[in-house]
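Trainee:
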Amino acid sequence: MSGLVEIRDVSKRYVRGRQTVEVLHHISLDIQQGDFLALMGPSGSGKTTLLNLIGGLDAPTSGSITVGGQRIDTLGGNALAKWRAAHVGFIFQFYNLLPMLTAQKNVEVPLLLTKLSAAQRRQNAKIALQLVDLADRGTHKPSELSGGQQQRVAIARAIISDPTLLVCDEPTGDLDRQSAEEVLMLLQLLNREHGKTIIMVTHDPRAASHATHTLHLEKGTLAEASVAA
Amino acid sequence: MKYLHLVWAALMRRKSRTVLTILSVLAAFLLYGLLDAVRVAFNSGGTIAGVDRVVVSSKYSIIQSLPESLVARVAATPGVRKVTWANWFGGYYQQPRNQLINFAIGADYFDVYPDYGVTPAMADALARTRTGVLVGKTLADRFGWKVGDKLPVMGSIFPDKATGETTWIFDIVGIYEAPDAASRALEQQVLLNWKYFDEANAYGSGQVGWLVVQVSDPQRSAAVAAAIDALSANSDHETKTQTEQEFNLSFARQMGDIGLIVTAIIGAVFFTLMLLTGNTMAQAVRERIPELATLKTLGFTDRSVLALVFLESLLLILIGGVLGMALAAALLPVVSAASGGMLLLPPISAASWAIGIALMIAIGAIVGVLPALRAMRLRIVDALAGR
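These protein sequences, in sequence, are chains A and B. Start counting at 1 in the first sequence, then tack on 184, and there's your number in my numbering. Start counting at 1 in the second sequence, then tack on 1, and there's your number in my numbering.
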């Protein structure tokens with residue numbers, strides 16, 4: 185069965201100064217629609233690089249990546265930006281909210297790229313904030329929110345345009361245990377109740393335990409896979 | 002427009018820096034507005050049509066004198082109601098920094114210039130006293146002069162025939178007060194008796210500096226001016242008849258090319274402004290690299306990010322620039338009024354506004370181009386990784 189994400193023989197090399205570093209070696213992988221996949225591995229194993237390739241933030245040196253039937257490794261910069269806007273929601277370790285905008289305005293940002301009216305954008309952002317249980321924090325700026333709340337705003341921003349895929353890079357890496365648990369429960373809810381396909385890079389086995397599948401990367405190659413009970 | 006709040010948020014990220022930058026842009030365009038008005042004032046002497054007083058001076062230079070005999074010929078020209086004349090004297094009182102605006106005036110001067118507020122008794126006193134002078138109240142107050150005082154003037158051009166010295170001693174016979182605020186600048190003058198000046202100066206007699214002509218019908222002033230200039234055509238004292246404003250400006254122009262000076266000052270100010278705001282924009286973008294990378298991650302194209310930074314730069318300059326020019330527009334009448342009519346600055350014209358806006362856009366584009374290109378070219382993965 186072909187997956188939502190099909191990665192075929194993907195390698196990625198970086199040139200740093202005079203050195204060429206091969207970060208990923210001939211990775212092939214299928215991720216099914218509705219999966220919640222945890223990517224684990226030590227630092228430098230290539231987890232984030234693989235996540236960036238799947239999210240269309242970077243292009244592979246060789247191989248192909250197809251998401252939802254579309255080859256994304258051949259798309260140009262503008263086409264890739266538009267594809268990301270339509271199909272991928274991003275959640276980062278440090279939230280990456282715009283500090284001068286309120287929570288609601290932050291959530292609305294991806295909708296600026298759509299044809300929705302200001303009123304529709306506002307309405308959708310309110311719904312997204314309700315979903316992450318922050319309806320009463322819409323007027324707060326990121327600096328006025330806790331880390332957990334900021335990450336939930338980031339999740340609301342990631343889902344506002346109803347993307348096919350959520351890519352999360354260490355989403356609980358900067359949070360205390362309780363906030364991390366809330367965020368993971370939220371991701372699980374989005375996966376189970378709303379059918380979102382989630383790919384999450386994490387160091388934390390507790391975080392990975394919320395996923396339906398776990399893949400381990402070692403020195404740029406897939407080491408082993410496990411499926412949650 | 003839907004991106005405007007993003008641009009505004011970026012500007013407000015460092016409020017104090019943005020406010021200070023806007024203030025520096027404001028100051029630059031305030032200066033532009035004021036100096037451009039000065040340049041316009043010095044470059045346009047106004048049109049002769051419709052004015053009731055015109056000035057006749059040498060066609061070639063205002064320091065070239067005209068024969069006194071021309072006065073009668075001009076007076077006989079159809080359309081001329083009255084003629085008077087004057088001669089620049091120059092000099093200072095006590096210290097060179099106390100430069101005086103003083104000239105010797107001919108008969109009927111105050112009939113042509115009721116603006117001085119000189120009473121008939123004062124005019125008589127001046128006519129009767131060879132060494133007499135009338136001084137404006139503002140000037141008299143400044144130096145504490147009163148009627149009856151001796152006034153030594155260190156002349157800068159004309160030696161006294163009797164002494165060979167350029168220091169002349171005058172008697173203050175009257176202190177005049179301009180009747181309205183618009184003519185207050187006239188109170189800065191010292192007016193001498195032309196007869197005395199003509200007889201006593203060592204450079205010869207029978208010469209006048211310029212003639213002031215009152216025309217009967219202002220609608221015909223251009224034709225009268227042409228007729229006056231025709232009187233001395235092809236002679237050794239060809240004349241140029243012009244508005245008083247143009248004549249006054251020609252005095253100021255002796256200092257140099259005012260337009261060039263003003264343009265040079267404005268150029269230097271804008272060059273400095275570009276360096277300052279360019280640095281501010283570069284710093285602002287450098288600080289926001291992760292935020293710009295986030296926007297790109299969310300789907301903003303390279304060109305959208307370029308446009309956002311460009312807009313930010315333009316907005317920064319436009320806010321400061323428009324405020325600066327608006328302030329200049331508000332200040333110009335105040336400056337003109339405060340000068341008591343000595344400096345009549347025109348309001349900022351539509352053309353000056355257009356040039357000002359074009360300058361703002363050009364400066365905004367120049368200072369925004371490098372930061373905008375940097376923002377456009379940044380690689381998301383490097384920027385997010387802090388590389």
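C-beta atoms are modelled at their ideal positions from N, C-alpha and C, and glycine is treated no differently.
Who are the near neighbours of alanine 413 of chain A in its chain, counting only those whose CB is closer than 7 Å to its CB and skipping five residues on each side?
Mentor: What you label residue 413 of chain A is simply residue 229 of the first sequence in a count that begins at 1. With a pLDDT of 47 at alanine 413 of chain A, under the threshold of 50, the predicted position of this residue should be treated as unreliable, though the coordinate-derived value follows. Here the set comprises nothing.
Trainee: At the level of alpha carbons, what is the spacing between threonine 78 of chain B and lysine 196 of chain B?
Mentor: Taking the first residue of the second sequence as 1, we reach residue 78 of chain B at position 77. Taking the first residue of the second sequence as 1, we reach residue 196 of chain B at position 195. The alpha-carbon atoms of threonine 78 of chain B and lysine 196 of chain B are separated by roughly 24 Å.
Trainee: Using a C-beta to C-beta distance shorter than 9 Å, which residues of chain B count as neighbours of alanine 302 of chain A?
Mentor: Here the question's residue 302 of chain A lines up with position 118 in the first sequence. Lys3, listed in chain order.
Trainee: Valine 8 of chain B: buried (16+ other C-beta within 10 angstroms of its C-beta) or exposed?
Mentor: Position 7 of the second sequence, counted from the first residue, corresponds to residue 8 of chain B. Result: buried.
Trainee: In the structure shown, what three-state DSSP assignment does methionine 377 of chain B receive?
Mentor: One-based indexing of the second sequence puts residue 377 of chain B at position 376. Three-state DSSP puts methionine 377 of chain B in a helix.
Trainee: Do you know how far the Cα of serine 248 of chain A is from the Cα of leucine 208 of chain A?
Mentor: Walking along the first sequence from the start, residue 208 of chain A turns up at place 24. Walking along the first sequence from the start, residue 248 of chain A turns up at place 64. Roughly 13 Å between the two C-alpha positions.
Trainee: With a threshold of 8 Å on Cβ separation, who are the neighbours of tryptophan 146 of chain B within its own chain once the five nearest residues in sequence on each side are excluded?
Mentor: Taking the first residue of the second sequence as 1, we reach residue 146 of chain B at position 145. These residues qualify, in order along the chain: Val136, Leu140, Leu152, Ile173, Ile176.
Trainee: Could you tell me the boundaries of the beta strand (DSSP E) in which glutamate 402 of chain A lies?
Mentor: Walking along the first sequence from the start, residue 402 of chain A turns up at place 218. Segment 397 to 402, the beta strand (DSSP E) holding glutamate 402 of chain A.
Trainee: Classify methionine 185 of chain A: buried if its beta carbon has 16 or more other beta carbons within 10 angstroms, exposed otherwise.
Mentor: Residue 185 of chain A sits at position 1 when you count from the first residue of the first sequence. Only weak support exists for where methionine 185 of chain A lies, its pLDDT of 48 falling under 50; the value from the coordinates is given anyway. Classification for methionine 185 of chain A: exposed.
Trainee: Quick check on DSSP: helix, strand or coil for methionine 185 of chain A?
Mentor: The residue labelled residue 185 of chain A in the question sits at position 1 within the first sequence. Note on methionine 185 of chain A: pLDDT 48, under 50, position unreliable in the model; the coordinate value appears next. In this structure, methionine 185 of chain A counts as coil in the three-state DSSP scheme.
Trainee: Determine, for leucine 241 of chain A, whether the minimum Cβ-Cβ distance to residues of chain B falls below 7 Å.
Mentor: Counting from one through the first sequence, the residue named residue 241 of chain A turns up at place 57. Yes, contact with chain B.
Trainee: Excluding the 5 residues flanking tyrosine 1 of chain B on each side, which residues of the same chain have their C-beta closer than 6 Å to its C-beta?
Mentor: Because chain B is modelled from 2 through 388, residue 1 of chain B falls outside the range shown and cannot be assessed.
Trainee: Any beta carbon of chain B sitting closer than 7 Å to that of alanine 274 of chain A?
Mentor: On the first sequence, residue 274 of chain A is found 90 positions in, with the first residue counted as 1. The residue you asked about is not alanine; residue 274 of chain A is phenylalanine in the sequence shown. Yes, its Cβ sits closer than 7 Å to a Cβ of chain B.
Trainee: Within 7 Å of any Cβ in chain B, is that where the Cβ of methionine 284 of chain A sits?
Mentor: Sequence index remark: in the first sequence, residue 284 of chain A carries index 100 (1-based). So yes, methionine 284 of chain A belongs to the interface.
Trainee: Which word fits tyrosine 117 of chain B, buried or exposed, when buried means at least 16 other C-beta atoms lie within 10 angstroms of its C-beta?
Mentor: As a working note, residue 117 of chain B is residue 116 in the second sequence. Its Cβ being crowded by 16 or more others within 10 Å, tyrosine 117 of chain B is buried.
Trainee: Please determine if the stretch 262 to 273 of chain A and the stretch 215 to 230 of chain A are in contact, where contact requires at least 3 C-beta pairs separated by less than 8 Å.
Mentor: Segments in contact, no.
Trainee: Residues in its own chain within less than 7 Å of valine 52 of chain B by CB, not counting five upstream and five downstream?
Mentor: The residue you call residue 52 of chain B lines up with position 51 of the second sequence. Around valine 52 of chain B: Pro219, Ser222, Thr244.
Trainee: DSSP state of methionine 2 of chain B, grouped into three classes?
Mentor: Your numbering for residue 2 of chain B matches position 1 in the second sequence. Three-state result, methionine 2 of chain B: coil.
Trainee: As a quick exercise: from B:Ile266, B:Ile262, B:Glu313, B:Leu293, pick the residue whose alpha carbon is nearest that of glycine 279 of chain B.
Mentor: As a first step, residue 279 of chain B is located in the second sequence; it is residue number 278 there, counting from the start. Answer by Cα proximity: B:Glu313.
Trainee: Does DSSP put phenylalanine 30 of chain B in a helix, in a strand, or in coil?
Mentor: Position 29 of the second sequence, counted from the start, is the residue given in the question as residue 30 of chain B. Phenylalanine 30 of chain B falls in the helix class under three-state DSSP.
Trainee: Scan the stretch 262 to 294 of chain B for residues whose Cβ lies nearer than 7 Å to a Cβ of chain A and list them as they occur along the chain.
Mentor: The stretch 262 to 294 of chain B vs chain A, Cβ under 7 Å: Pro291, Glu292.
Trainee: Below 9 Å on C-beta distance, what does isoleucine 381 of chain B contact in chain A?
Mentor: In the second sequence, the residue the question calls residue 381 of chain B occupies position 380. Going along chain A in sequence order, the residues near isoleucine 381 of chain B (Cβ under 9 Å) are Asn236, Leu241, Asp242.
Trainee: Just checking: is the beta-carbon of proline 355 of chain A within a distance shorter than 7 Å of some beta-carbon in chain B?
Mentor: Here residue 355 of chain A refers to the residue found at position 171 when the first sequence is read from its first residue. False, the Cβ-Cβ gap to chain B never drops below 7 Å.
Trainee: By how many angstroms is the C-alpha of tyrosine 33 of chain B removed from the C-alpha of valine 225 of chain B?
Mentor: The count along the second sequence starts at 1 and reaches residue 225 of chain B at position 224. The count along the second sequence starts at 1 and reaches residue 33 of chain B at position 32. Cα-Cα distance, rounded: 38 Å.
Trainee: Taking only beta-carbon atoms, is leucine 296 of chain A less than 7 Å away from chain B?
Mentor: Locating residue 296 of chain A in the first sequence gives position 112, where the first residue counts as 1. Output row for leucine 296 of chain A: interface = yes.
Trainee: Would you mind listing the alpha helix (DSSP H) stretches within the stretch 214 to 261 of chain A that are 4+ residues and don't spill past its ends, in chain order?
Mentor: Listed in chain order, the complete alpha helix (DSSP H) runs (minimum 4 residues) inside the stretch 214 to 261 of chain A are 231 to 238.
Trainee: Under the DSSP definition of a beta bridge, which residues are partnered with aspartate 358 of chain A?
Mentor: Along the first sequence, read from residue 1 onward, the residue named residue 358 of chain A stands at position 174. Answer is none; aspartate 358 of chain A lacks a bridge partner.
Trainee: Taking the Cβ atom as the reference point for each residue, do valine 306 of chain B and alanine 384 of chain B lie within a distance shorter than 7 Å?
Mentor: Locating residue 306 of chain B in the second sequence gives position 305, where the first residue counts as 1. Locating residue 384 of chain B in the second sequence gives position 383, where the first residue counts as 1. For valine 306 of chain B and alanine 384 of chain B, no; Cβs fall outside 7 Å.
Trainee: Taking 7 Å as the CB-CB limit, is methionine 13 of chain B close to chain A?
Mentor: Start at 1 with the first residue of the second sequence, and residue 13 of chain B comes out as number 12. Answer yes: the Cβ-Cβ gap between methionine 13 of chain B and chain A drops below 7 Å somewhere.
Trainee: What does DSSP give as the partner residues of glutamate 206 of chain A in its beta bridges?
Mentor: As a working mapping, residue 206 of chain A is identified with position 22 in the first sequence. According to DSSP, glutamate 206 of chain A bridges with A:Arg197.
Trainee: If the cut-off is 7 Å on Cβ atoms, which residues from the stretch 250 to 275 of chain A count as contacting chain B, listed in chain order?
Mentor: Residues Gly261, Asn262, Ala265, Lys266, Arg268, Ala269, Phe274.
Trainee: Is it buried or exposed, phenylalanine 274 of chain A, if we count other Cβ atoms within 10 angstroms and call 16 or more buried?
Mentor: By 1-based counting over the first sequence, the position of residue 274 of chain A is 90. By the 10 Å Cβ count, phenylalanine 274 of chain A comes out buried.
Trainee: Could you tell me which residues DSSP puts in a beta bridge with proline 121 of chain B?
Mentor: The count along the second sequence starts at 1 and reaches residue 121 of chain B at position 120. Partner(s): none; proline 121 of chain B has no beta bridge.
Trainee: Please list, in chain order, the chain A residues whose beta carbon lies closer than 9 Å to that of alanine 10 of chain B.
Mentor: Looking up residue 10 of chain B in the second sequence gives position 9. The answer, in chain order, is Leu282, Pro283, Met284, Leu285, Lys289.
Trainee: Provide the residue(s) that pair with threonine 240 of chain B in DSSP beta bridges, ordered along the chain.
Mentor: For the purposes of this step, residue 240 of chain B is taken as the residue at position 239 of the second sequence. The partner list for threonine 240 of chain B (beta bridge, DSSP) reads B:Ser59.
Trainee: If distances are taken between C-alpha atoms only, which option among B:Pro347, B:Ile358, B:Leu333, B:Gln284 comes closest to leucine 12 of chain B?
Mentor: Mapped onto the second sequence, residue 12 of chain B falls at position 11. If we check each option's Cα against that of leucine 12 of chain B, B:Gln284 comes out closest.
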